[in-house]
Amino acid sequence: MNIIEKAKHHFLTREFFLFLIVGCINTFNGTFIAWLCGLFSPYNNLNFNIGYITGNLIAYWMNSRFIFHAGLSLTRFIKFFISYIPNYLIQNVIVIIFYNMLAFPPVVSYLLAAVLGIPVTFLMVKIFAFGKK
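Okay, so the sequence shown: first residue is 0 according to numbering that gives the first Met the number 0, each after it adds one.
Next comes the structure, spelled out in structure tokens:
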């Protein structure tokens with residue numbers, strides 16, 4: 000299977016489409032929570048992290064229920080969060096660059112960070128957390 004066929008196999012699927020929908024919900028949740036924290040805290044990087052973690056708790060439940068049709072389990076929950084480590088690193092670097100270095104507004108920085116981590120995150124969640132080849 001060549002790289003184009005592999006990409007089609009993973010990304011032109013119902014699972015990926017649903018993952019994008021859940022990702023939009025997750026992005027809204029994480030961004031909203033980060034914004035809400037910003038009303039009480041001037042530390043935008045900390046606010047981003049609180050929003051990120053809270054959003055991913057909700058995302059785990061939605062991925063389990065609606066995309067991969069798997070029961071909730073502690074093992075899968077841990078794998079899900081491990082699957083988000085590369086995404087977390089990618090997103091933090093993007094927030095640091097766009098917010099801290101380029102002075103973009105916090106919400107714009109959060110949204111850019113969310114969009115750029117999607118493909119890596121989908122593959123990690125699908126293959127590692129939910130064991131779908």
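Glycine included, C-beta positions come from ideal geometry on N, C-alpha and C. Predicted model, so just to flag it, every value in this text is computed and none were measured.
Could you have a look at residue i and say whether DSSP puts it in helix, strand or coil?
| i | result |
| --- | --- |
| M0 | coil |
| Y98 | helix |
| L11 | coil |
| F67 | coil |
| S108 | helix |
| Y83 | coil |
| L38 | coil |
| F103 | coil |
| F129 | coil |
| G116 | coil |
Between which two residues does the alpha helix (DSSP H) harbouring residue i extend?
| i | result |
| --- | --- |
| K125 | From DSSP, K125 is part of no alpha helix (DSSP H); its letter is neither H nor E. |
| N46 | N43 to M61 |
Rounded to a whole number of angstroms, what is the C-alpha to C-alpha distance between residue i and residue j?
| i | j | result |
| --- | --- | --- |
| P41 | I89 | 22 angstroms |
| F80 | F67 | 16 angstroms |
| N44 | G130 | 32 angstroms |
| G70 | E4 | 30 angstroms |
| V106 | I84 | 21 angstroms |
| H9 | A113 | 19 angstroms |
| N99 | M61 | 32 angstroms |
| F121 | F39 | 32 angstroms |
| L56 | M0 | 35 angstroms |
| F18 | V94 | 22 angstroms |
| L110 | L101 | 15 angstroms |
| A128 | W34 | 29 angstroms |
| F103 | I32 | 19 angstroms |
| S63 | F97 | 32 angstroms |
| V119 | C36 | 27 angstroms |
| K78 | V124 | 8 angstroms |
| Y87 | A6 | 22 angstroms |
| T108 | S82 | Reading off the sequence, residue 108 comes out as Ser, not Thr. So the alpha carbons of these two residues sit roughly 22 angstroms apart. |
Determine, for residue i, whether the minimum Cβ-Cβ distance to residues of chain B falls below 7 angstroms.
| i | result |
| --- | --- |
| F127 | Here chain B cannot be found, since the structure has a single protein chain. |
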